[in-house]
Amino acid sequence: MQDIGKGDLNFGLKINLRDCEIGEYFTVVGKCIQCEQSFSLVKMIEPGSCDICPTEKAICNGGAKIGPLPGFWRSSNQSQNFMLCLLEQACLGMIPPLNNPLGECLLGYQGILCADCQRGYSRDGDYKCSLCPNRGLNILRLIALFIGAVTLVVFMIRQTLKGAKDMNNVTSIYLKILLNHFQLLLMTTSFDFQWSQQIFSFFSTSKQLATQSTQILSFDCFLDTREGNQSSQNSKMFYQKLIIIALLPFLLAIACTLIWYIYKQIMRNQVLIASKIMSSLVIILFLVHPSLVTFSFNAFKCKEIDEQERVQVDLEILCWSQEHTFYSCLVALPCIIVWGLGIPFFALSILIKMRKKLENFQIKQKYGFLYRGYRKQYYYWEIVIMYRKIFIIFTVVFISNFGIIAQALIVFLFLIVFLLINLKKKPFNTIALNDLETLSLITQITTIYCGLFFILNKPREWIQQNPDFSRGSVYLSESFQRLFFAFILLSNLFFFIYWALKMYQEGRAKLRNNLTKLYLAICLCNNHSKLEKEFKVHKIDSQNKIYQQQLKDQFKLLNNLIIDGQYILNKANMERLMIHLQKEQILKLIKT
């Protein structure tokens, strides 16, 4: 019996073993167990544990089923780096029924961080894509916008040419200050502040006034020759636009020359158009200069995406790839040197060379746009303002690697220094113009100061849960966000109201001088005595401005004589001077 039993116990045992799959963790006893409420993206070959789900930016459905939350994006299904999208609403996250682990993009968006536009869509502001308008409608819009831009330029040219004859014509100066304000506003609000939706909407509206809307123009729709949604074609569009920007000053110079030549042929007169061509080119280059600098600098502005440097304005382009290096070094860099730095330097050289002839009529016609409105000794101040814009653009583009707070503080301190200089020097020749420039700077300083609070703004729960990392952070309630929005809004409104008031006064003066009968009927209800009084006051005010400058020049001459040692002060001559400079003596002299 025992022998039979032993024979019956002989049998074969087959054991199947497998490796742990991705999404499972390997226990110390050799089991493979699927991760629950956590994840694993590696194939474990030794005991380990699942990774904690980053619930603030990802969805974990167990195992390797992990994907981004709405507003986030990842580069591959093996990446644990979930990045906040540049336009949060463009990233839908991992949503059913596909449950794409990379996340899905909103219709019209594609590519890295969902920042590229699909075929049939074009950029509408920063990283926003909108449906391309009908091609025929787009052409009509383009023509309408072109006519509007030409009208503005023609108006500014006419006012500048008139200003060469009439020193009281300051319309172009007010327009120049307004454009400077909008350009500066665009630069200071281009920082990555975590604005509330109210402030973001306000600045989005303001930006359309500072720059031509890319969606209305929709050049991308014309340049887009993709068959399907090919992201690589979009990089070609970036380089095409970079070449257009580099050639733009040449194209504008040719256009100005042709238009004035055609005008001369139509009018059939012997008018000299050289000064008018130069005046037109100066004004147009002033308008496009910030865009030239910004677009050229953007070729060097890179953002790290999963350990790869990419051009921030077009994330489909790898920074310092062979193609990017070629266009950056041979197109963008020369554009920065020749146009960005060269235009203001060339203008300054001309003004310094012509500084003793600035009152000459021909010089006023050619270059008056640059120095009219400034006091004689500050004829170069517009060039200073141009370099101020370049510095701010440089900070926006290249200091971003040091953090948004560093960017904001540098520009904040820079504008404060400029404000103090403006208050001390008073470079403009009237109180109103100096006040406008001061208000513009205060508005930008207020905007950046409020923006610093939004940078530091964190949810209350995050501050409580991360005490070691939350030092310096603040929690802004809805009430405080509205308060900061009120500060920004009121400072901008105050500037615009003051500017509009001065422009109204200027327009009224123009109507009174050029269309006297119409002005008398509309504004004064045919009151001739009021009209005569206004003409008298205007004449006195005009003469006062002229003699104010002459008096300042005389005091400056006296000061130079004293500094050079040609006029030695002593007790006797000082007493004689003080007798003549006493308030009562001056008032008595004025009355006589």
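For the sequence shown, the residue numbers in the working numbering are 1321 to 1912. Backbone N, C-alpha and C define an ideal beta-carbon position, used for all residues, glycine too.
Item to complete: Identify, in the order they occur along the chain, each residue of the same chain with its Cβ nearer than 7 Å to the Cβ of K1908, setting aside the five sequence neighbours on each side.
Response: So the list is empty, once near-sequence residues are dropped.
Fill in: Beta-carbon spacing of I1656, V1613 below 8 Å
Contact: yes.
Worksheet item: Taking C-alpha atoms, which residue in Q1628, V1490, E1366, R1588 lies nearest to G1688?
Response: Cα-wise, what sits closest to G1688 is V1490.
Fill in: CB-CB length for L1803 against L1761, believed under 8 Å
Contact between L1803 and L1761 is absent: CB atoms are separated by about 22 Å, not below the 8 Å threshold.
Worksheet item: Based on Cα-Cα distance, which residue from L1499, P1417, E1636 lies nearest to D1436?
Response: Among L1499, P1417, E1636, the Cα nearest to that of D1436 belongs to E1636.
Item to complete: Go ahead and pull the three-state DSSP assignment for K1903.
Response: Three-state result, K1903: helix.
Worksheet item: Looking at the structure shown, is W1393 part of a helix, part of a strand, or coil, going by DSSP?
Response: Note: W1393 maps to strand in three-state DSSP.
Practice prompt. Between the Cα of L1462 and those of K1485, L1506, C1541, I1386, spot the shortest distance and give me the residue it belongs to.
Written response: Taking each of K1485, L1506, C1541, I1386 in turn and checking the Cα distance to L1462, the smallest one comes out for C1541.
Worksheet item: Who are the Cβ neighbours of E1356 in its own chain at under 7 Å, not counting the five residues just before and after it?
Response: If we look at E1356 and ignore the five residues flanking it on each side, its Cβ neighbours are G1382.
Worksheet item: Can at least three beta-carbon pairs, one atom from the segment 1606-1622 and one from the segment 1709-1725, be found at a separation below 8 Å?
Response: Cβ pair count under 8 Å is three or more, so yes.
Worksheet item: I think F1434 touches L1426, with their Cβ atoms under 8 Å apart; what is that distance to the nearest whole Å?
Response: The sequence given here has Cys at residue 1434, not Phe. That pair is a contact at about 7 Å.
Discussion item. Tell me the DSSP secondary structure of D1755 in three-state form.
Written reply: Of the three classes helix, strand and coil, the one that applies to D1755 here is helix, per DSSP.
Discussion item. Could you compute how far the alpha carbon of Q1874 sits from the alpha carbon of Q1868?
Written reply: Rounded to whole angstroms, Q1874 and Q1868 show a C-alpha spacing of 10 Å.
Discussion item. Only counting the same chain, and skipping five residues up and downstream in sequence, which positions put a Cβ closer than 6 Å to that of Q1479?
Written reply: Once the five neighbours on either side are set aside, the close Cβ partners of Q1479 are T1491, S1492.
Discussion item. On the CB-based measure, 16 or more other CB atoms within 10 Å of its CB, does Q1409 come out buried or exposed?
Written reply: Counting Cβ neighbours within 10 Å, Q1409 comes out exposed, since fewer than 16 surround it.
Worksheet entry | Assumed close pair G1368, F1392 - CB separation to whole angstroms, cut-off 8 Å | Rounded, the Cβ-Cβ distance is 26 Å, inconsistent with contact.
Worksheet item: By Cβ distance, which residues of its chain are closer than 7 Å to M1598, with the 5 residues on each side in sequence left out?
Response: K1686.
Worksheet item: Alpha carbon to alpha carbon, what distance is there between L1451 and S1399?
Response: So the two alpha carbons sit approximately 32 Å from each other.
Worksheet item: Closest to N1401 by CA distance: which of M1414, G1387, C1411 is it?
Response: Ranking the options by Cα distance to N1401, first place goes to G1387.
Discussion item. Assuming the contact rule is C-beta atoms closer than 8 Å, F1558 and D1634 should be a hit. Round their C-beta distance to whole Å, please.
Written reply: In this structure F1558 is in contact with D1634, their Cβ atoms being roughly 5 Å apart against a cut-off of 8 Å.
Discussion item. Measuring alpha carbon to alpha carbon, tell me which residue in L1740, F1711, K1891 is nearest Q1727.
Written reply: Closest option to Q1727, Cα to Cα, is F1711.
Worksheet entry | From K1903, F1800, W1701, residue whose alpha carbon lies closest to that of F1774 | Answer by Cα proximity: F1800.
Worksheet item: Would you call M1364 buried or exposed, if buried means 16 or more other Cβ atoms sit within 10 Å of its Cβ?
Response: Around the C-beta of M1364, 16 or more other C-beta atoms lie within 10 Å, and the residue is accordingly described as buried.
Worksheet item: Considering G1413, what are the terminal residues of the beta strand (DSSP E) in which it resides?
Response: Unbroken beta strand (DSSP E) run through G1413: 1411-1413.
Practice prompt. Give a yes or no on contact between the segment 1438-1447 and the segment 1642-1651, applying the rule of three or more CB pairs nearer than 8 Å.
Written response: Of all C-beta pairs linking the segment 1438-1447 to the segment 1642-1651, fewer than three are shorter than 8 Å, placing the two stretches out of contact.
Item to complete: Less than 8 Å between the CB atoms is what I'm expecting for Y1698 and K1745, so what's the real figure, rounded?
Response: Contact annotation, Y1698 with K1745: C-beta distance approximately 7 Å; criterion of less than 8 Å satisfied.
Worksheet item: R1338 by DSSP, collapsed to three states: which one?
Response: Here R1338 sits in coil by DSSP.
Fill in: Where the beta strand (DSSP E) through Q1354 begins and ends
Bounds of the beta strand (DSSP E) holding Q1354 are 1352-1354.
Worksheet item: Going along the chain, which unbroken runs of the alpha helix (DSSP H) with 4 or more residues stay wholly within the segment 1637-1698?
Response: Taken in chain order, the unbroken stretches of alpha helix (DSSP H) that lie wholly in the segment 1637-1698 and span 4 residues or more are 1642-1647, 1662-1673, 1681-1691.
Discussion item. Between I1579 and V1473, how many whole angstroms is the CB-CB distance? I'm expecting something under 8 Å.
Written reply: Taking C-beta atoms under 8 Å as the contact rule, I1579 and V1473 fail to qualify, at a distance of about 10 Å.
Worksheet item: In the structure shown, what three-state DSSP assignment does D1444 receive?
Response: It is coil, neither helix nor strand.
Worksheet item: Near I1705, which residues of its chain fall below 7 Å by C-beta distance, leaving aside the five closest residues on each side in sequence?
Response: Counting only Cβ-Cβ distances below 7 Å, and skipping sequence neighbours, we find N1500.
Worksheet item: Which value, in whole angstroms, describes the spacing of the CA atoms of F1606 and Y1429?
Response: C-alpha separation (whole angstroms): 35 Å.
Fill in: 8 Å Cβ cutoff met for L1361 and K1377
One thing to note: L1361 has its Cβ no nearer than 8 Å to the Cβ of K1377.
Discussion item. If you measure between the beta carbons of Q1354 and E1366, is that distance less than 8 Å?
Written reply: Against a cut-off of 8 Å, the Cβ pair of E1366 and Q1354 comes out as no contact.
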